[in-house]
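One structure below.
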Amino acid sequence: MATLTAANRMVVKIGSALLVDRNTGQLRLEWLQSLAQDVAWLKGQGTDVILVSSGSIALGRGVLGLPMQTLPLEQSQAAAAVGQIRLARAYEEVLTPHDIKTAQVLVTLEDSADRRRYLNSRATLETLLGLGVVPIVNENDTVATDEIRYGDNDRLAAQIAVTVGADQLILLSDVDGFYTGNPIEDTTATRYDVINQITPEIEAMAGDAGSGLSKGGMKTKLLAAKMATAAGCTMAITEGSTLNPLKALENGANCTWFTATLDPHAARKRWISAMKPRGEIMIDDGAVTALTNGKSLLPVGIVEVTGEFGRGDPVTILDPAARPLAQGLSRYTAQEADAIKGRKSSEIETTLGYPGRAVLIHRDDLAL
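Using our numbering, read the sequence shown as starting at 3 and increasing by one per residue.
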């Protein structure tokens with residue numbers, strides 16, 4: 003089984019039912035403070051941590067005095083608008099005593115579907131992690147429409163894990179793992195300790211029931227597991243209501259681990275390699291040397307740009323003899339790349355008339 007201290011980068015998903023008391027609608031502050039202790043412990047071990055947190059609608063509902071039943075869309079969005087402020091402030095207040103800076107990142111599931119927005123999200127999160135910040139990610143429920151639905155944050159957490167190349171995803175839930183059936187209804191149901199492959203039989207065991215405040219059922223958790231493990235990220239489902247839930251998981255609390263066959267780096271490279279290229283970029287010998295040594299592609303090393311591609315699109319990189327060398331995701335359009343080819347990164351703003359990324363293709367978005 004995996005150990006948390008072995009993770010280089012971890013995404014932790016927190017469900018609404020853990021964060022907000024279902025009877026009072028108030029934040030479970032003592033629990034949140036204990037989670038902050040766990041985050042500080044992990045960061046002390048050198049692990050990057052991202053928190054994907056539900057709770058904005060549940061918190062806002064309590065403040066606005068809205069009923070516990072399913073809310074109309076406009077009331078859900080109003081509750082989210084009120085709750086997001088309180089949610090971000092709560093995380094800041096519990097993590098600041100540990101000298102941990104926080105940032106609020108609001109996204110929707112669409113941000114991972116559009117490659118340009120995906121790259122922007124990835125770059126922002128990578129920069130925050132590089133600065134030692136713990137991003138607090140939440141669905142942007144104040145503007146989302148069909149995104150406000152059953153179980154989105156399980157999948158959103160998996161997509162964030164894929165985006166940042168996390169090697170572990172922890173779903174803190176109101177159940178302590180994946181069972182052969184619904185343990186509330188089936189007294190013979192047993193929990194899996196480890197699932198190495200999500201088979202049709204495993205999928206058939208999943209139920210739809212969620213708790214009163216959270217929307218996630220086991221089917222959405224399986225979808226998250228399939229997404230995460232395919233990208234090289236191991237995932238755990240564990241009951242998170244206890245104090246210090248991550249420490250409890252490390253110390254042997256009940257859970258189910260879904261194993262990944264590849265590491266995140268290798269899985270990402272395979273994903274990029276499998277894309278259909280939209281254009282070609284020829285580079286000089288100096289850039290060839292840089293890329294083979296694990297560096298990013300800078301505009302100064304570009305000789306020629308062909309094809310029509312947008313930001314985030316895959317392109318083939320050719321060596322000076324026009325032989326395919328690599329494939330990567332461009333941070334510029336074909337027109338922009340052609341305009342800045344052969345130029346230093348410091349000249350990008352002058353050339354384009356607006357500031358841009360220092361690299362054309364980042365090494366993490368490059369598959370040789």
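Using N, Cα and C, we set each Cβ at its ideal position, and we do this for glycine too.
Start and end residues, beta strand (DSSP E) containing residue i
i	result
LYS15	11 to 16
THR236	236 to 241
PRO137	136 to 141
ILE285	281 to 285
GLN329	326 to 331
ASP50	50 to 55
LEU171	170 to 175
GLU306	304 to 309
THR258	257 to 260
Range covered by the alpha helix (DSSP H) that runs through residue i
i	result
ALA42	31 to 46
GLN86	75 to 97
LEU354	350 to 354
PRO316	PRO316 -> not in any alpha helix (DSSP H); beta strand (DSSP E) instead, spanning 316 to 320.
GLY27	Taken as a continuous stretch (DSSP letters only), GLY27 belongs to no alpha helix (DSSP H), as it is neither H nor E.
ILE200	Looking at the DSSP string, ILE200 is not in any alpha helix (DSSP H), and its letter there is neither H nor E.
ASP340	336 to 342
PRO247	247 to 252
LYS278	Segment: none, LYS278 is in no alpha helix (DSSP H) and carries neither H nor E.
ARG63	58 to 66
ALA232	220 to 232
Best match in the options for proximity to residue i [C-alpha to C-alpha]
i	options	result
ASP50	TRP273, VAL13, PHE260	VAL13
ASP156	SER332, GLU310, GLY17	GLY17
ASP40	GLU76, HIS267, ILE350, LEU245	LEU245
VAL317	LEU20, ASP23, LYS278, ARG30	LYS278
SER58	THR352, GLY296, THR72, GLN79	GLN79
ILE363	THR353, THR335, GLY355	THR335
ARG345	VAL177, ILE285, LEU264	ILE285
VAL302	ARG325, PRO326, ILE350, ALA268	ILE350
GLN35	ARG91, ALA159, ALA276, TYR120	ARG91
VAL96	LEU121, LEU29, SER275	LEU29
ILE304	VAL290, ALA268, LEU133	VAL290
GLU141	LEU73, GLU306, LYS15, THR352	LYS15
ASP195	ASP188, GLY179, GLU203, PRO202	GLY179
LEU158	VAL107, LEU89, ALA276, LYS297	VAL107
ILE87	SER55, TYR356, ASN295, ALA125	SER55
Residues of its chain near residue i, where Cβ-Cβ distance is below 6 angstroms and the 5 sequence neighbours each way are ignored
i	result
GLU32	none
ALA105	LEU130, VAL135, PRO137
ASN10	ASP169
LYS103	VAL135
VAL65	VAL84
GLY214	Annotation note: pLDDT 36 at GLY214 (below 50); position unreliable, coordinate value reported separately. Cβ neighbours of GLY214 beyond the five flanking positions: ARG24.
THR1	The structure shown does not extend to residue 1, since the chain is modelled only from 3 through 370, so no value can be given for it.
TYR93	THR104, ILE138
LYS271	ALA369
GLU310	ALA336
Distance between beta carbons of residue j and residue i, contact taken as under 8 angstroms
i	j	result
TRP273	THR236	Not confirmed; about 17 angstroms, so no contact.
THR308	GLY281	6 angstroms
ALA42	HIS100	4 angstroms
SER348	ALA339	17 angstroms between Cβ atoms; not a contact.
GLY242	LEU44	No, GLY242 and LEU44 are not in contact; Cβ-Cβ is about 15 angstroms, not under 8 angstroms.
ARG117	ASP315	6 angstroms
LEU327	LEU293	7 angstroms
VAL139	ILE52	6 angstroms
GLY27	ALA60	7 angstroms
MET70	ALA160	Contact doesn't hold; Cβ gap of about 28 angstroms is too wide.
HIS267	GLY167	7 angstroms
Sequence-distant residues of the same chain with beta carbon closer than 8 angstroms to residue i, five excluded per side
i	result
ALA238	ALA4, GLN170, LEU171, ILE172, LEU173, LEU251, CYS257, THR258, TRP259, PHE260
LEU354	GLU338, ALA341, ILE342
ASP265	ASP169, GLY234
VAL22	GLN28, LEU29, ARG30, GLY57, ALA60, LEU61, GLY64, LEU215
ALA255	ASP178, THR240, GLU241, THR244, PRO247
LEU121	ARG313, GLY314, LEU331, ARG333, ASP367
ALA360	LEU300, SER347, ILE350
GLY358	ARG333, TYR334, GLU338, ILE342, ILE350, GLU351
Neighbourhood of residue i by C-beta, 7 angstroms cutoff - its chain only, sequence neighbours within 5 removed
i	result
ASP287	PRO322
ALA227	ILE200, MET237, PHE260
SER123	VAL109, ASP113, THR165
GLU205	LEU224
ALA211	Here the model assigns ALA211 a pLDDT of 44, short of 50, so the residue's position is not dependable and the matter cannot be decided.
THR372	As displayed, the chain neither begins before 3 nor continues past 370, which places residue 372 out of reach and without an answer.
ALA324	MET284
GLN47	THR7
ASP312	Reading the sequence as shown, one finds Gly at residue 312 and not Asp. Excluding residues within five positions, the ones whose Cβ falls inside 7 angstroms are ARG118, THR335.
beta-carbon residue i near the ligand SAH non-hydrogen atom, thresh 6 angstroms
i	result
TYR93	Questions concerning the ligand SAH fall outside what the structure shown contains, since it holds no ligand whatsoever.
Requested in this report: Note down, one range per segment and in chain order, each beta strand (DSSP E) of at least 3 residues found wholly within the stretch 104 to 129.
Outcome: Whole beta strand (DSSP E) segments, 3+ residues: 104 to 109.
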